[in-house]
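Q:
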Amino acid sequence: MILVTGAAGFIGFHLCQRLLREGHVVHGLDNLNEYYDVKLKEARLRILRESSSFAFHRIELADRAAMADLFSAHPPEYVVNLAAQAGVRYSLKNPHAYIDSNITGFLNILEGCRNSSVRHLVFASSSSVYGLNTAMPFSCHQVADHPVSIYAATKKANELMAHSYSHLYSLPTTGLRFFTVYGPWGRPDMAPFLFTKAIFDGKPIDVFNEGNMRRDFTYIDDIVEGVIRLIPKAPLGDPAWRSDTPDSATSTAPYRLYNIGNKSSVELIRFIGIIEDCVGKKAIKRMLPMQAGEVLSSTADLSDLVRDVGFAPTTSIEIGIQRFVAWYRDYYSV
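Numbering (this note's numbering), first residue to last: 13 to 346.
In structure tokens, the structure reads:
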């Protein structure tokens with residue numbers, strides 16, 4: 013059995029669908045919070061519940077007793093932790109939500125995995141951990157100690173916490189630094205959704221730093237493929253790891269970090285142009301200065317992912333946006 017936390021979320025929903033299609037028994041956990049439209053989360057869950065191999069648990073990650081009970085009653089073989097308080101900008105307004113979910117909640121995940129002898133914990137980190145680093149492409153072997161948002165800081169903390177458990181308890185853990193995920197059923201607080209909705213509605217879109225930003229947009233199916241390939245690949249300790257020249261992506265413990273991105277960045281203005289073409293309308297652009305907590309550019313180095321699981325994302329931004337806009341038209345009947 014595989015436990016997927018954040019099962020009603022964007023990535024969690026797609027991962028659960030894929031696992032169910034492949035014949036796995038999946039238990040999904042989510043708290044269905046109101047960070048964004050709960051109806052969208054419930055619609056995803058209705059699809060997952062069509063499978064008899066799916067069981068849902070509505071639990072707060074930070075609820076220590078409930079989490080312990082879940083692991084005791086339904087001990088999983090594998091855990092994929094995708095649940096988190098998401099959003100860079102929201103972390104400026106409500107930092108406590110990130111500590112509750114992303115720190116306390118993740119500790120409960122680690123404890124559950126340790127006490128249940130889970131074979132492998134795969135957890136979502138984020139490209140935001142690279143923070144002030146400007147050495148492109150971002151490599152998971154680089155030091156990433158200068159986050160520019162509390163969200164990014166909690167994701168970096170998750171990596172450190174996981175390593176501690178790998179070292180202390182030989183719990184195999186793998187952290188995945190996702191790069192700007194988008195696609196059908198995507199989050200309403202993310203740029204593809206916000207821009208598409210505004211263009212359809214004839215309302216202005218906020219273009220930060222006057223569009224002079226680049227992002228490594230990664231299509232959801234490519235993210236899921238990377239996760240699927242890594243779930244059965246529990247890491248081993250790296251015998252070549254050296255304490256006098258430590259590599260942050262590996263360890264003597266069973267611990268690994270990987271980037272999952274599209275390995276090329278797209279200018280924000282071009283990204284908006286692709287959405288305009290798919291919608292068939294021009295955006296009303298409101299040019300704004302750089303937003304606090306954001307970074308100018310992101311590009312993923314995927315050499316480790318390619319080497320270890322033989323996969324790199326292949327979906328072009330043109331095809332991915334076309335699929336997202338088609339889903340949006342259908343779901344919202346526009």
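Think of the CB as a built atom: it goes at the ideal place given N, C-alpha and C, for glycine as much as any other residue.
#1: In chain order, which continuous runs of the beta strand (DSSP E) of length 3 or greater are located wholly inside the segment 23 to 81?
#2: Would you mind listing the beta strand (DSSP E) stretches within the segment 188 to 229 that are 3+ residues and don't spill past its ends, in chain order?
#3: How would you call G21, buried or exposed, if buried means at least 16 neighbouring beta carbons within 10 angstroms?
#4: Jot down the residue ranges of each uninterrupted alpha helix (DSSP H) in the segment 261 to 327, minimum 4 residues, whole runs only, in chain order.
#5: Under a three-way DSSP split, which group does L94 fall into?
#6: Restricting to Cα atoms, I'd like to know which of G117, E46 and A109 is closest to M79.
#7: Buried or exposed: which applies to I331, given that a residue is buried once 16 or more other Cβ atoms fall within 10 Å of its Cβ?
#8: What three-state label does DSSP hand V134 in the structure shown?
#9: Taking the straight line between their C-alpha atoms, what separation do you get for E123 and Y343?
#10: Can you grab the Cα-Cα spacing for the pair V236 / R199, in whole Å?
#11: On a Cα-Cα basis, can you pick out the residue from V160, N120 and N221 that is closest to M173?
#12: When you compare the CB positions of P159 and V130, do they come within less than 8 Å of one another, or not?
#13: Could you tell me how far apart the beta carbons of K297 and V219 are, in whole angstroms, since I believe they sit closer than 8 Å?
#14: Across the segment 227 to 245 and the segment 271 to 278, are there enough close Cβ pairs to call them in contact, namely three or more that are closer than 8 Å?
#15: So for V141, helix, strand or coil by DSSP?
#16: Using only CA atoms, which one of Y267, S345 and D313 lies nearest to Q154?
#17: Can you tell me whether S354 is buried or exposed? The criterion is at least 16 other CB atoms within 10 Å of its CB, across all chains shown.
A: According to the structure data:
#1: 38 to 42 and 66 to 70
#2: 216 to 220
#3: buried
#4: 280 to 291 and 315 to 321
#5: coil
#6: G117
#7: exposed
#8: strand
#9: 39 Å
#10: 16 Å
#11: N120
#12: no
#13: 5 Å
#14: yes
#15: helix
#16: D313
#17: Within the shown structure, residues of the chain are numbered from 13 to 346, placing residue 354 beyond reach of any answer.
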